[in-house]
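What follows is a single structure, written as structure tokens, with notes after it.
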Amino acid sequence: MLEKINSAEDVKKLNIEEQNKLAEEIRKYILEVVSKNGGHLASNLGVVELTIALHTVFDLPKDKIVWDVGHQTYVHKIITGRREQLKTLRQLNGISGFPKTDESKTDCFNTGHSSTSISAALGIARARDIKGEDNNVIAVIGDGALTGGMALEALNDAGFSQTRLTVILNDNEMSISKNIGGISMLLSKIRTRRGYTKSNVSAKNIINKIPGIGPIFVKIVQRVKRSIKQLIIPKMYFEDIGFRYLGPVDGHNIEELERMLNISKKLDGPVLIHILTKKGKGYKIAEENPDKFHGTGPFDIETGKTKKEKSKDYSAVFGEKLIELAKNNKKIVAITAAMRDGTGLRKFAEEFPDRFFDVGIAEQHALGLAAGMAKEGVVPVVSIYSSFYQRGYDQVIHDIAAQNLPVVMCVDRAGVVGQDRSNTSRFTWYGIF
Ligand SMILES: Cc1ncc(C[n+]2csc(CCOP(=O)(O)OP(=O)(O)O)c2C)c(N)n1
42 MLEKINSAED VKKLNIEEQN KLAEEIRKYI LEVVSKNGGH LASNLGVVEL
92 TIALHTVFDL PKDKIVWDVG HQTYVHKIIT GRREQLKTLR QLNGISGFPK
142 TDESKTDCFN TGHSSTSISA ALGIARARDI KGEDNNVIAV IGDGALTGGM
192 ALEALNDAGF SQTRLTVILN DNEMSISKNI GGISMLLSKI RTRRGYTKSN
242 VSAKNIINKI PGIGPIFVKI VQRVKRSIKQ LIIPKMYFED IGFRYLGPVD
292 GHNIEELERM LNISKKLDGP VLIHILTKKG KGYKIAEENP DKFHGTGPFD
342 IETGKTKKEK SKDYSAVFGE KLIELAKNNK KIVAITAAMR DGTGLRKFAE
392 EFPDRFFDVG IAEQHALGLA AGMAKEGVVP VVSIYSSFYQ RGYDQVIHDI
442 AAQNLPVVMC VDRAGVVGQD RSNTSRFTWY GIF
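Numbered by this note's numbering, the letters in the sequence shown go through residues 42 to 474 in order.
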């Protein structure tokens, strides 16, 4: 079936059963390509059904989809005529692993750094309104990317302005590692309530069947429940800041996803659809190790073992040395912005859980936090990838350098990083240090 998919029009023609079959074939194809070339595996396996549903309900390039980070766009690329090109992923002059406006008209905005999608989508939606057009604008953002300040700033603006826009929150409980923070706690509460709602439905069905009093009793309980719900259901957070909240929806159920997307199309103002997905879905080894298969080199499909075992790199040496130093100096703490493993800090986190801070995808905050700690005599060591330091440029100057604070800033990947051609180069800081 995949051989016959050359554009979204071909996906629209399929019935649900065929679309489910297509989802399976797409998963198999992505697994084949990434196991050979390396790439972002787990995130793409998690959005197969969502991407099929989006292309069924919306019409690109008239409608616009902004993918946050953009590492999960392989399925979108396959559907929009780039199936064969995907085989050149991570090859010299090959296809980009991220959305690229110069690659296809269906890529409406370049991404690479996290948490930009809602701002961009809101901008695109406001431009649409100014021009008097009527297309749909959608931002797809993960629960990890939602921990970034820029995403929260955009939610704040969008909710207040009531601009017509759909935000799809792809909640798989993972950033690269396990997602953390207050927002992640909120989402987890909503997920728990979902179980509660489900069991309530079956209770309602049983009571309803009691002759005479059943239906009346159900009505009273429902009324009381509605008023309590206003007070306790955490999804109200999104509603309180101005969004219509839909969900949570099973993100692997194409029919249900299409139904929700069609509802969102008819609503005026900002809508947030909360979908629940499994990172690595369909490939058991990735489902069990989603962090390892977030971004991977070539690997063996049967065993999941990477073909070229990584030799000890700079990040690992840094992590080991920091543990050694921290044993002798209790004031040393380590800070990461959602990159515990990439920056070599996993062992430090295990050894000194009280002196390790993962702040989410929040580089600005990581550096501001470090400044505050340094002011009070603690020795913060912040490790951030060179490219992502751009996010904290103001904090480096305003909060740290201008106050002459002793923060140790480590720049990981401070060189040319070949694997992924994102829209930003990863050697920005190379010239500075
Ligand atoms: C500013 C910035 N910091 C860090 C990263 C590295 N990074 C890429 S994807 C990712 C996790 C994203 O998690 P989520 O949004 O939940 O998407 P998922 O992969 O789980 O679908 C991180 C930390 C980045 N792209 N941009």
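Beta carbons are placed, not taken as given, at the ideal position from N, Cα and C, and that holds for glycine.
In this text, all values refer to a predicted model and were calculated from it rather than measured experimentally.
A straight line joining the alpha-carbon of Glu58 with that of Glu66 spans about 13 Å.
With 16 or more other Cβ atoms inside 10 Å of its own Cβ, Ser424 counts as buried.
Look at His335: its beta carbon is less than 7 Å from one of the heavy atoms in ligand 1.
Taking all protein chains in view, the Cβ of Gly383 is crowded by 16 or more other Cβ atoms within 10 Å, so the residue is classified as buried.
Relative to ligand 1, even the nearest heavy atom lies 7 Å or more away from the CB of Lys141. Our two residues, Ser427 and Thr114, have alpha carbons roughly 23 Å apart in a direct line.
The shortest C-alpha to C-alpha distance from Ala192 to any of Gly138, Ala162, Lys128 is the one to Ala162.
In the structure shown, the three-state DSSP call for Tyr426 is strand. Classified as buried, Met215 has 16 or more neighbouring CB atoms from the shown chains inside 10 Å of its CB.
Lys105 counts as buried, since no fewer than 16 other beta carbons sit within 10 angstroms of its beta carbon. Relative to the Cα of Leu313, the nearest Cα in the group Arg387, Glu50, Arg205, Arg396 belongs to Arg205. DSSP links Val449 through a beta bridge to Val422. Residue pairing by DSSP places Val181 opposite Trp108, Ile209 in a beta bridge. When DSSP states are grouped into helix, strand and coil, Asp198 belongs to the helix group. Fewer than three beta-carbon pairs drawn from the region 399-408 and the region 338-354 are found closer than 8 Å, and the two stretches are therefore not classed as touching. Residues of the same chain with a CB within less than 6 Å of the CB of Phe398, apart from the 5 flanking positions on each side, are Ile376 in chain order.
For His154, there is no enclosing alpha helix (DSSP H), since its DSSP letter is neither H nor E. Residue pairing for Ile376: DSSP places it in a beta bridge opposite Phe398, Val423. DSSP places Val88 in the coil class of the three-state scheme, outside both helix and strand. Buried is the label assigned to Ile316, since at least 16 other Cβ atoms lie within 10 Å of its Cβ.
In this structure, the beta-carbon distance from Arg68 to Gly323 falls below 8 Å.
Ser160 is not a Cβ neighbour of Thr152, given a cutoff of 8 Å. Among the bridge pairs identified by DSSP, Gly253 is matched with none. Following the DSSP letters along the chain, one finds Asp291 inside the beta strand (DSSP E) bounded by residues 285-291. Judged by the Cβ position, Ser155 qualifies as a neighbour of ligand 1 at the 7 Å threshold, a heavy atom of the ligand being closer than this. Here DSSP, grouped into helix, strand and coil, assigns His96 to helix. By the neighbour-count criterion, in which 16 or more other beta carbons inside 10 Å mark a residue as buried, Ser218 falls on the buried side. Within 7 Å of the C-beta of Gln113 there is at least one heavy atom belonging to ligand 1. Within the same chain, Gln113, Asn211, Asn213, Gly292, Thr318, Lys319, Lys320, Gly321, Lys322 come within 8 Å of Gly87 by CB-CB distance, once the 5 residues on both sides are set aside. When distances are taken from the beta-carbon of Arg300 to the heavy atoms of ligand 1, even the shortest one reaches 7 Å or more.
Of all C-beta pairs linking the region 218-227 to the region 178-190, three or more are shorter than 8 Å, placing the two stretches in contact.
With contacts defined by Cβ atoms closer than 8 Å, Asn176 and Thr207 do not form a contacting pair. Remark: the C-beta of Ile402 is in contact range of ligand 1, defined as less than 7 Å to any heavy atom.
Shortest gap from the CB of Phe429 to any heavy atom of ligand 1: under 7 Å.
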